[in-house]
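*Asks:* Numbered by our numbering, the letters in the sequence shown go through residues 3 to 103 in order. Even glycine gets a Cβ: it sits at the ideal position worked out from N, Cα and C. Once you've had a glance at the structure underneath, I'll fire off some questions.
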Amino acid sequence: MKHHIVLQLVNFLWTTITEKIDSRSKLIDIINEPSPLLFDAVEVGNVGFLSELISQYPSLIWDVDSRNRSIIHTAVLHRHASIYNLVHEIGHIRDIIVTFE
């Protein structure tokens, strides 16, 4: 029950933010400050949180961290199969990820 309420809150906040932000760069600034929120969530395996963010803004799967790693790279590095599966469901990335540097 508590987990469901938290996900509802995340969904509400993320929806509100994406409705108010008029540019991708401002959105990226919000999720990168004070820390790289997206990649912190990937590292700890917070698939529910990531699912809410990515469902509202699917192109986040292509963002990279300071080491030029995508969400998929970070998920594999930290052995989070559920996040890999989430990102894989978003689009046809398996062919692209092989050539991604």
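1. Would you kindly work out how many angstroms separate the C-alpha atoms of Y86 and I33, rounded to a whole number?
2. Kindly indicate the opening and closing residues of the alpha helix (DSSP H) around I73.
3. Between L1 and S68, what straight-line distance do the alpha-carbon atoms span, to the nearest angstrom?
4. List in chain order: all unbroken alpha helix (DSSP H) runs of 4+ residues lying wholly within the segment 8-52.
5. State whether the segment 6-25 contacts the segment 36-48, with contact taken as three or more CB pairs (one from each stretch) at a distance under 8 Å.
6. I'd like the span of the alpha helix (DSSP H) that includes N89, first residue to last.
7. From this set, V49, L15, N13, E91, which residue's C-alpha is nearest H80's C-alpha?
*Replies:* Answer, in terms of the structure:
1. Position 84 of the sequence shown, counted from the start, is the residue given in the question as residue 86. Position 31 of the sequence shown, counted from the start, is the residue given in the question as residue 33. Spanning the two alpha carbons is a distance of roughly 20 Å.
2. What you label residue 73 is simply residue 71 of the sequence shown in a count that begins at 1. Segment 73-79, the alpha helix (DSSP H) holding I73.
3. Limits of the chain in this structure are 3 at one end and 103 at the other, which puts residue 1 out of reach.
4. Runs of the alpha helix (DSSP H) inside the segment 8-52: 26-34, 39-46.
5. At 8 Å Cβ cutoff, the stretches do not touch.
6. Position 87 of the sequence shown holds residue 89. Rather than Asn, the amino acid found at residue 89 in this sequence is Val. 83-92 is the span of the alpha helix (DSSP H), which, as asked, contains V89.
7. In the sequence shown, the residue the question calls residue 80 occupies position 78. Of the listed residues, the one whose Cα sits closest to H80 is V49.
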